[in-house]
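Accompanying notes for the structure given below.
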Amino acid sequence: MASEKESNGRKESVKIRQRKLSDGTTSLYLDIMHNGKRTREFLKLYLNEEKSRADKEYNRQIMAQAEMIRSQRQIEVQSKQYEVLHEFKTNTYFLPYYREMCEERFRKDSRGNWGNWSSCLRHLEAYCDESTTFKEITPEWIKGFKTFLDNVEKDNHKHASEKGSRYYQGLSLNSKHSYFNKLKACINKAFEERIIPVNPLRGIKGYKQDETCRVHLSWEEVVKLDKTHCMYPYLKNSFLFSCFTGLRKIDIERLTWGDIQKFDGFTRIVFKQKKTGGQEYLDIPKQAEKYLGEKGKKDELVFSGFKYSPWLLLELRRWVLSAGITKDITFHCARHTFAVLMLNFGADIYTVSKLLGHRELATTQIYAKVLDKKKQEALSLFPEMEKNQDK
Numbered sequence: 013m014a015s016e017k018e019s020n021g022r023k024e025s026v027k028i029r030q031r032k033l034s035d036g037t038t039s040l041y042l043d044i045m046h047n048g049k050r051t052r053e054f055l056k057l058y059l060n061e062e063k064s065r066a067d068k069e070y071n072r073q074i075m076a077q078a079e080m081i082r083s084q085r086q087i088e089v090q091s092k093q094y095e096v097l098h099e100f101k102t103n104t105y106f107l108p109y110y111r112e113m114c115e116e117r118f119r120k121d122s123r124g125n126w127g128n129w130s131s132c133l134r135h136l137e138a139y140c141d142e143s144t145t146f147k148e149i150t151p152e153w154i155k156g157f158k159t160f161l162d163n164v165e166k167d168n169h170k171h172a173s174e175k176g177s178r179y180y181q182g183l184s185l186n187s188k189h190s191y192f193n194k195l196k197a198c199i200n201k202a203f204e205e206r207i208i209p210v211n212p213l214r215g216i217k218g219y220k221q222d223e224t225c226r227v228h229l230s231w232e233e234v235v236k237l238d239k240t241h242c243m244y245p246y247l248k249n250s251f252l253f254s255c256f257t258g259l260r261k262i263d264i265e266r267l268t269w270g271d272i273q274k275f276d277g278f279t280r281i282v283f284k285q286k287k288t289g290g291q292e293y294l295d296i297p298k299q300a301e302k303y304l305g306e307k308g309k310k311d312e313l314v315f316s317g318f319k320y321s322p323w324l325l326l327e328l329r330r331w332v333l334s335a336g337i338t339k340d341i342t343f344h345c346a347r348h349t350f351a352v353l354m355l356n357f358g359a360d361i362y363t364v365s366k367l368l369g370h371r372e373l374a375t376t377q378i379y380a381k382v383l384d385k386k387k388q389e390a391l392s393l394f395p396e397m398e399k400n401q402d403k
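Just so you know, we're using our numbering here: the sequence shown kicks off at 13 and counts up by one.
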């Protein structure tokens with residue numbers, strides 16, 4: 013079970029070796045001699061103690077697998093492919109590498125985005141194990157993870173209905189879209205860092221994100237909120253400021269007076285988006301200026317006291333209800349409101365995309381679809397006509 017060949021006076025060989033383990037099994041590995049250097053490749057194949065005919069048959073099949081791998085390595089050595097593949101770090105363990113990316117996101121990203129990375133990690137830990145290396149991340153492995161996402165919740169999270177019967181709840185399409193994209197980012201990074209020689213994602217389609225309903229306020233409802241008392245002024249000011257600027261809550265939380273400048277007759281915000289990391293220059297309308305309040309020092313927060321939380325969400329909904337608005341409103345609905353109002357008042361979609369800080373125009377087009385739906389609903393307002401009685 014070995015092959016040797018002379019290359020430039022040096023012996024080239026690939027041999028199967030065995031190593032006895034404490035549990036009684038025998039580990040198989042390859043002893044590779046190439047360019048005068050010896051390396052080992054552990055195959056994760058194990059022989060059982062032969063106590064029965066079944067053990068002998070099992071070991072025969074394992075040895076056949078080992079021989080197939082040995083033959084492939086021999087071909088690589090002789091055709092110089094091994095030297096190329098050896099430049100890459102395919103033996104890097106996958107899960108520790110992914111966890112390191114999670115740590116990076118924890119330091120840089122919003123908690124929401126980091127939460128998606130963390131949730132994906134839990135699914136990856138269930139799908140593979142700690143010994144999985146990038147050598148095993150093949151197109152088939154990736155397709156297997158997609159199948160796993162399609163079925164994991166159905167198998168592992170059962171709920172009892174009121175009648176006592178069992179039903180299964182799967183992951184939402186958007187969750188699967190998000191988790192697959194996290195895996196995709198990890199593999200792409202490994203490819204860029206020359207851990208793997210070929211990107212296994214080629215030709216594999218991800219999940220198409222579902223178009224969720226984006227709740228927004230009408231202009232009349234924004235006016236109502238402006239006239240309605242809120243127990244916490246910083247909540248009212250920050251929410252309505254977002255309605256007139258489209259700023260995300262995380263960017264509003266971090267906004268300081270040093271970020272606010274005067275430019276060409278407009279009040280301008282100069283800031284770095286927390287989500288995208290992009291430097292933004294945002295002119296704001298005069299209607300938004302009144303919610304800024306009295307100017308403070310450069311390093312002071314504009315909306316001091318505003319820190320988004322479940323408690324603040326509850327207060328937001330109480331304020332909205334007191335204005336007679338029954339929509340299911342979250343703080344992010346203010347951003348949706350800004351986008352829809354801008355389009356409704358005649359701004360072109362490209363400009364709105366820039367105001368929102370979107371990198372892709374397709375992200376903004378969902379708001380145009382909201383307006384199309386409103387137009388279609390308007391067309392249905394025509395009353396039914398009586399049937400023509402003429403003959």
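Heads up, the beta-carbon is just placed ideally off N, CA and C, and yes, glycines get one too.
Beta carbon of HIS348 nearer than 8 Å to that of VAL227: Taking the first residue of the sequence shown as position 1, residue 348 is located at position 336. Taking the first residue of the sequence shown as position 1, residue 227 is located at position 215. Contact: yes.
Measuring alpha carbon to alpha carbon, tell me which residue in PRO108, ASN200, LEU213 is nearest GLU152. Locating residue 152 in the sequence shown gives position 140, counting from the first residue. Ranking the options by Cα distance to GLU152, first place goes to LEU213.
Where the alpha helix (DSSP H) through ASP263 begins and ends: Residue mapping note: residue 263 aligns to position 251 of the sequence shown, counting from 1. Its alpha helix (DSSP H) spans residues 261–266.
In three-state DSSP terms, what is ASP10? Here the chain has residues from 13 to 403 only, and residue 10 is not among them.
Can you give me the C-alpha to C-alpha distance between TRP331 and LYS155, rounded to a whole angstrom? Taking the sequence shown and counting its residues from 1, the one referred to as residue 331 is at position 319. Taking the sequence shown and counting its residues from 1, the one referred to as residue 155 is at position 143. Going by the C-alpha atoms only, they are around 47 Å apart.
Validate contact between the region 311–320 and the region 255–271 using beta carbons, cut 8 Å, 3 pairs: yes
Taking the alpha helix (DSSP H) that LYS220 falls in, what are its first and last residues? Counting from one through the sequence shown, the residue named residue 220 turns up at place 208. LYS220 -> no alpha helix (DSSP H), and no H or E assigned at all.
Grab the span of the beta strand (DSSP E) containing LEU55 for me, first residue to last. Against the sequence shown, residue 55 aligns to sequence position 43. Where LEU55 is concerned, the enclosing beta strand (DSSP E) stretches over 49–59.
Quick one: give me the first and last residue of the beta strand (DSSP E) that THR38 is part of. Indexing the sequence shown from 1 puts residue 38 at position 26. 38–46 is the extent of the beta strand (DSSP E) around THR38.
Helix, strand or coil: how does DSSP classify LYS27 here? Position 15 of the sequence shown, counting from 1, holds the residue named residue 27. Here LYS27 sits in strand by DSSP.
Given ASP43 as reference, the closest of GLN30, GLY36, THR37 once Cα atoms are compared: Position 31 of the sequence shown, counted from the first residue, corresponds to residue 43. Checking every option, the nearest Cα to that of ASP43 belongs to GLN30.
What would DSSP say about LYS170, mapped onto helix, strand or coil? Taking the first residue of the sequence shown as position 1, residue 170 is located at position 158. Residue placement at LYS170 is flagged as unreliable, the pLDDT there being 40, under the threshold of 50; the coordinate-derived value follows with that caveat. Three-state DSSP puts LYS170 in a strand.
Please classify ARG413: does DSSP put it in a helix, a strand, or coil? Outside the displayed span of the chain (13 to 403) sits residue 413, for which this structure offers no information.
Is the beta carbon of SER131 sitting closer than 8 Å to the one on TYR191? Here the question's residue 131 lines up with position 119 in the sequence shown. Here the question's residue 191 lines up with position 179 in the sequence shown. For SER131 and TYR191, yes; Cβs fall inside 8 Å.
For ASN103 and LYS147, believed in contact at Cβ under 8 Å, the rounded distance: Locating residue 147 in the sequence shown gives position 135, where the first residue counts as 1. Locating residue 103 in the sequence shown gives position 91, where the first residue counts as 1. Between ASN103 and LYS147 the Cβ distance is about 6 Å, and since that is below 8 Å, they are a contact.
Within 10 angstroms of the Cβ of ARG85, are there 16 or more other Cβ atoms? Answer buried if so, exposed if not. Here residue 85 corresponds to residue number 73 of the sequence shown, with the count starting at 1. Burial call: buried.
Since ALA336 contacts LYS236 with CB under 8 Å, what's their CB separation in whole angstroms? Taking the first residue of the sequence shown as 1, we reach residue 336 at position 324. Taking the first residue of the sequence shown as 1, we reach residue 236 at position 224. Reading off the sequence shown, one finds Gly at residue 336, where the question assumed Ala. About 7 Å; that satisfies the 8 Å criterion.
Taking the DSSP output, what are the residues bridged to TYR362? Here residue 362 refers to the residue found at position 350 of the sequence shown. Its beta-bridge partners do not exist; DSSP assigns none.
Let's test the definition: count the other Cβ atoms within 10 Å of the Cβ of ARG82 and tell me whether it reaches 16, buried, or not, exposed. Numbered from its first residue, the sequence shown carries residue 82 at position 70. With 16 or more Cβ atoms within 10 Å of its Cβ, ARG82 is classed as buried.
With DSSP as the reference, identify every bridge partner of PHE275, one or two as the case may be. Translated into the one-based positions of the sequence shown, residue 275 becomes position 263. Answer is PHE278, bridged to PHE275.
So, helix, strand or coil for LYS175, using DSSP? Walking along the sequence shown from the start, residue 175 turns up at place 163. Confidence is the limiting factor: at LYS175 the pLDDT is only 36, short of 50, which leaves the residue's position unreliable, though a coordinate-based value still follows. LYS175: coil per DSSP, three-state reduction.
For ALA346 and LEU247, what's the separation of their Cα atoms in angstroms? On the sequence shown, position 334 is the one that residue 346 refers to. On the sequence shown, position 235 is the one that residue 247 refers to. Going by the C-alpha atoms only, they are around 12 Å apart.
For THR145, name the three-state secondary structure that DSSP assigns. Counting from 1 along the sequence shown, the entry for residue 145 is found at position 133. In the structure shown, THR145 sits in a strand (DSSP, three-state: E or B).
Tell me whether TYR105 sits in a helix, a strand or coil according to DSSP, three-state version. In the sequence shown, counting from the first residue as 1, residue 105 sits at position 93. Of the three classes helix, strand and coil, the one that applies to TYR105 here is strand, per DSSP.
Taking CB distances under 8 Å as the criterion, tell me whether LEU313 reaches chain C. Among the chains of the structure shown, chain C does not appear; only one protein chain is present.
Quick one: Cα of HIS135 to Cα of GLU53, how far? The sequence position of residue 135 within the sequence shown is 123, counting from 1. The sequence position of residue 53 within the sequence shown is 41, counting from 1. Straight-line Cα distance between these residues: approximately 28 Å.
Nearest residue (CA-CA) to LEU2, options LYS196, ASN60, PRO108, ASP162: Nothing in the structure corresponds to residue 2, since the chain is present only between 13 and 403.
Starting from the C-beta of ALA300, find all residues in its chain whose C-beta is less than 7 Å away, skip the five residues before and the five after it, and write them out in chain order. One-based indexing of the sequence shown puts residue 300 at position 288. These residues qualify, in order along the chain: PHE253, PHE256, THR257.
Residue closest to PRO209, alpha-carbon to alpha-carbon, out of ASP340, LYS101, ILE378, ILE361: Residue mapping note: residue 209 aligns to position 197 of the sequence shown, counting from 1. Per the Cα distances, LYS101.
Let me know the secondary structure DSSP gives LEU313 once reduced to three states. Taking the sequence shown and counting its residues from 1, the one referred to as residue 313 is at position 301. Three-state result, LEU313: strand.
Option in THR144, TYR379, LYS196 with minimal Cα separation from LYS56: What you label residue 56 is simply residue 44 of the sequence shown in a count that begins at 1. Here the closest residue by C-alpha is THR144.
Going by DSSP, which residues form a beta bridge with PHE256? As a working note, residue 256 is residue 244 in the sequence shown. Answer by DSSP bridge pairing: none, since PHE256 is not bridged.
What separation, rounded to the nearest whole angstrom, lies between the Cα atoms of ILE87 and THR159? Residue numbering aside, residue 87 sits at position 75 when the sequence shown is read from its first letter. Residue numbering aside, residue 159 sits at position 147 when the sequence shown is read from its first letter. Using only the alpha carbons, I get a separation of about 33 Å.
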